[in-house]
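The structure appears below as structure tokens.
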Amino acid sequence: MSDAAAGRLSTADLPMFFEPHHHDLAARLVAAAPAIAAAEAAADEPARDRAAVAAMADAGLFALVAPPDGAVDAWALCLAREMLGHASPRADSIFAVQGLGTYALGAAGGAARAAELAAFARGERVAAFALTEPDAGSDVAALTTRATRDGDGWILDGDKHLISNLGLADHATVLATVDPAAGRKGITAFWVPLDAAGVTITRQDPIAPHPLGALALRGCRVGGDAVIGPVGGGFRLAMQTLDTYRVSVGAAAVGMARRALDEAARFVRARHQFGKSLADQPLVQAHLADMIVDLDAARLLVLRAAWARDRAAAGVRVTTEVSIAKLAATEAAQRVIDRAVQLFGGRGVLAGAVVEHLYRAIRPLRIYEGTSEIQRTIIGRAVAAAEAPTP
Ligand SMILES: Cc1cc2nc3c(=O)[nH]c(=O)nc-3n(C[C@H](O)[C@H](O)[C@H](O)COP(=O)(O)OP(=O)(O)OC[C@H]3O[C@@H](n4cnc5c(N)ncnc54)[C@H](O)[C@@H]3O)c2cc1C
Numbered sequence: 025m026s027d028a029a030a031g032r033l034s035t036a037d038l039p040m041f042f043e044p045h046h047h048d049l050a051a052r053l054v055a056a057a058p059a060i061a062a063a064e065a066a067a068d069e070p071a072r073d074r075a076a077v078a079a080m081a082d083a084g085l086f087a088l089v090a091p092p093d094g095a096v097d098a099w100a101l102c103l104a105r106e107m108l109g110h111a112s113p114r115a116d117s118i119f120a121v122q123g124l125g126t127y128a129l130g131a132a133g134g135a136a137r138a139a140e141l142a143a144f145a146r147g148e149r150v151a152a153f154a155l156t157e158p159d160a161g162s163d164v165a166a167l168t169t170r171a172t173r174d175g176d177g178w179i180l181d182g183d184k185h186l187i188s189n190l191g192l193a194d195h196a197t198v199l200a201t202v203d204p205a206a207g208r209k210g211i212t213a214f215w216v217p218l219d220a221a222g223v224t225i226t227r228q229d230p231i232a233p234h235p236l237g238a239l240a241l242r243g244c245r246v247g248g249d250a251v252i253g254p255v256g257g258g259f260r261l262a263m264q265t266l267d268t269y270r271v272s273v274g275a276a277a278v279g280m281a282r283r284a285l286d287e288a289a290r291f292v293r294a295r296h297q298f299g300k301s302l303a304d305q306p307l308v309q310a311h312l313a314d315m316i317v318d319l320d321a322a323r324l325l326v327l328r329a330a331w332a333r334d335r336a337a338a339g340v341r342v343t344t345e346v347s348i349a350k351l352a353a354t355e356a357a358q359r360v361i362d363r364a365v366q367l368f369g370g371r372g373v374l375a376g377a378v379v380e381h382l383y384r385a386i387r388p389l390r391i392y393e394g395t396s397e398i399q400r401t402i403i404g405r406a407v408a409a410a411e412a413p414t415p
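If you want my numbering, it's the 1-based position in the sequence shown plus 24.
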């Protein structure tokens with residue numbers, strides 16, 4: 025998407041929701057967007073990813089997802105992902121997974137961890153988050169990757185797949201069980217260098233612009249200090265990670281949808297059929313109206329969830345608000361982008377068209393970090409259990 029009207033991002037339309045430092049961040053994001061979008065012009069995927077990492081590092085963006093104390097500002101994260109979704113969905117996925125991959129380190133705490141996080145905050149190193157397995161997707165507690173004691177260290181064996189950032193990541197947070205009989209209480213998080221003996225990475229090619237791979241661990245030995253947090257505390261850390269990042273998936277969806285609307289509006293103004301601009305056709309205007317209504321509603325739900333996430337007292341979960349935002353925004357963005365393709369006519373389905381790129385880019389957002397069905401399950405369960413409707 026190098027032809028970027030990149031970085032259109034506004035905090036001015038909702039002044040009541042943003043604080044001064046958010047306006048400053050938005051200005052910084054808008055300034056960084058053209059360089060990040062330009063990374064997509066590089067010759068091949070590895071070069072594209074390196075250029076995107078460098079541009080995001082130059083703009084200081086990785087500090088937002090790898091703070092030394094693990095205290096991620098969800099609102100700032102959402103602003104960043106809205107801009108990145110608009111400018112470059114591929115860069116957005118790299119950025120978000122840098123956060124998913126390092127979150128447990130910050131949350132578990134400790135000075136040594138904080139020092140290690142600094143290189144990720146500067147974008148000098150890249151992280152991945154390896155939870156999903158071929159037989160454990162939505163049901164993550166069913167994972168079977170095994171960690172076995174070996175003196176003062178551990179041996180890891182198992183298979184992960186659909187793991188973002190593999191190929192460019194240096195380290196991954198890997199979830200494995202130390203005791204299959206203990207269920208989720210046996211799941212433990214490990215910090216694994218991806219150049220360790222016994223690690224094999226195989227590239228996977230999704231329809232979306234997204235670095236992805238499978239990870240095979242065969243007798244991979246890591247030291248005792250590779251354990252993140254308490255032994256048996258990995259499931260909780262993984263859920264905290266998803267709870268923090270899920271709302272930002274909605275923000276990325278909003279950014280992609282906004283880009284689709286920008287592109288479609290520009291196209292219909294310039295395109296003439298039946299002797300006048302398409303923008304003057306009532307049915308075309310109806311498409312644009314439905315797109316902006318979907319987009320605005322999604323953005324407001326995302327901002328509400330991010331606001332609640334940032335203000336929730338310690339131990340208070342905002343899972344329902346976050347699930348509502350993720351479900352609504354990703355489904356809405358899919359509809360908005362589909363309408364944009366429709367408004368472009370045949371040009372919209374040609375490989376290389378911006379809306380064609382967005383059409384592929386948006387699809388995984390309804391699947392990763394909890395599918396739409398899992399979000400509905402969370403929301404429906406909460407509403408069914410509450411005496412008054414939630415939230
Ligand atoms: C581009 C991309 C990037 C990803 N990156 C990562 C990553 O970095 N790290 C990582 O660990 N994982 C990652 N994933 C994996 C992702 O989290 C899983 O694909 C997702 O959780 C779904 O798991 P699954 O694919 O095994 O599908 P399944 O769980 O097998 O689900 C298949 C279908 O059944 C539905 N379903 C499942 N259970 C229920 C139920 N109880 N009720 C109703 N419907 C149900 C699902 O909603 C879905 O429609 C990524 C996936 C994609 C596509």
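Note that CB positions come from ideal geometry on N, CA and C, so glycine has one too.
Point to revise | Where Ser162 falls, given that 16 or more other Cβ within 10 Å makes a residue buried | key: exposed
Check your understanding: Taking the alpha helix (DSSP H) that Thr354 falls in, what are its first and last residues?
Key -> 343-368
Practice item. Could you tell me whether the Cβ atoms of Ala213 and Ala132 are closer together than 9 Å? Key: yes
Check your understanding: Can you list every residue whose CB sits closer than 7 Å to some heavy atom of ligand 1, going in chain order?
Key -> Val121, Leu124, Ala152, Phe153, Ala154, Leu155, Thr156, Gly161, Ser162, Asp163, Lys184, Leu186, Ile187, Ser188, Asn189, Pro230, Ala232, His234, Leu236, Pro388, Ile391, Tyr392, Glu393, Gly394, Thr395, Ser396, Glu397, Ile398, Thr401
**Study point:** As assigned by DSSP and simplified to three states, the class of Pro113
**Key:** helix
Check your understanding: Rounded to a whole number of angstroms, what is the C-alpha to C-alpha distance between Ala349 and Ile403?
Key -> 11 Å
Practice item. At 4 residues or longer, and completely inside the stretch 243-316: list those alpha helix (DSSP H) runs for me, N to C. Key: 258-294
Check your understanding: Between which two residues does the alpha helix (DSSP H) harbouring Asp73 extend?
Key -> 69-82
Check your understanding: Just checking, does the stretch 50-63 make contact with the stretch 79-92 on the three C-beta pairs under 8 Å criterion?
Key -> yes
Practice item. Taking only the alpha-carbon atoms, compute the straight-line gap between Asp203 and Ala238 and give it to the nearest angstrom. Key: 23 Å
Review point. What three-state label does DSSP hand Ser188 in the structure shown?
Key: strand
Exercise for review: Would you identify the three-state DSSP class for Phe41, choosing helix, strand or coil?
Suggested key: coil
Practice item. Identify which residue in Ala385, Asp304, Ala61 has its Cα closest to the Cα of His416. Key: The chain is shown from 25 up to 415; residue 416 falls before or after that span and cannot be answered.
Review point. Relative to the alpha-carbon of Leu312, which residue among Ala120, Leu327, Arg293, Trp178 has its alpha-carbon at the smallest distance?
Key: Arg293
Exercise for review: Decide if the stretch 353-365 is in contact with the stretch 321-332; the criterion is three or more beta carbon pairs, one per stretch, under 8 Å apart.
Suggested key: yes
Practice item. Can you tell me which of Ala128, Phe119, Ala352, Pro70 puts its alpha carbon nearest to the alpha carbon of Asp93? Key: Ala128
Exercise for review: Might you give, ordered along the chain, the residues of its own chain that have their beta carbon closer than 7 Å to the beta carbon of Phe291, omitting 5 neighbours on each side?
Suggested key: Leu367, Phe368
Exercise for review: Determine contact between the stretch 171-186 and the stretch 132-146, defined as no fewer than three beta-carbon pairs at a distance below 8 Å.
Suggested key: no
Point to revise | Simplified DSSP assignment, three categories, for Glu380 | key: helix
**Study point:** Nearest residue (CA-CA) to Ser272, options Ala104, Pro113, Arg335, Thr226
**Key:** Ala104
Exercise for review: Give the straight-line distance between the Cα atoms of Asp318 and Leu382, rounded to the nearest whole angstrom.
Suggested key: 16 Å
Point to revise | Top-ranked residue by Cα proximity to Leu186, from Ile231, Arg260, Arg282, Gly109 | key: Ile231
Exercise for review: Give the secondary structure of Ile231 by DSSP, where H, G and I count as helix, E and B as strand, and everything else as coil.
Suggested key: coil
Review point. Mind checking Phe298: buried by the 16 CB within 10 Å criterion, or exposed?
Key: exposed
Review point. Of the choices Gly177, Thr401, Tyr392, whose alpha-carbon is the least far from that of Leu124?
Key: Tyr392
Check your understanding: Fully enclosed by the stretch 134-211, which beta strand (DSSP E) runs are 3 residues long or longer?
Key -> 151-154, 170-174, 177-188, 195-201
Point to revise | 6 Å CB neighbourhood of Phe259 in its chain, flanking five on each side removed | key: Arg208, Ile211
Check your understanding: Which value, in whole angstroms, describes the spacing of the CA atoms of Ala336 and Gly372?
Key -> 42 Å
Review point. From the DSSP output, which residues share a beta bridge with Ile225?
Key: Leu239
**Study point:** Those residues which DSSP pairs with Ala213 across a bridge
**Key:** Leu199, Ile252
Review point. Between which two residues does the alpha helix (DSSP H) carrying Arg387 extend?
Key: Arg387 -> no alpha helix (DSSP H), and no H or E assigned at all.
Review point. Helix, strand or coil: how does DSSP classify Asp320 here?
Key: helix
Check your understanding: Are there 16 or more other CB atoms within 10 angstroms of the CB of Glu64, so buried, or fewer, so exposed?
Key -> buried
Exercise for review: Name the residue from Val164, Ala154, Val216 whose alpha carbon lies nearest to the alpha carbon of Ser188.
Suggested key: Ala154
**Study point:** Backbone secondary structure at Pro58 - three-state DSSP
**Key:** helix
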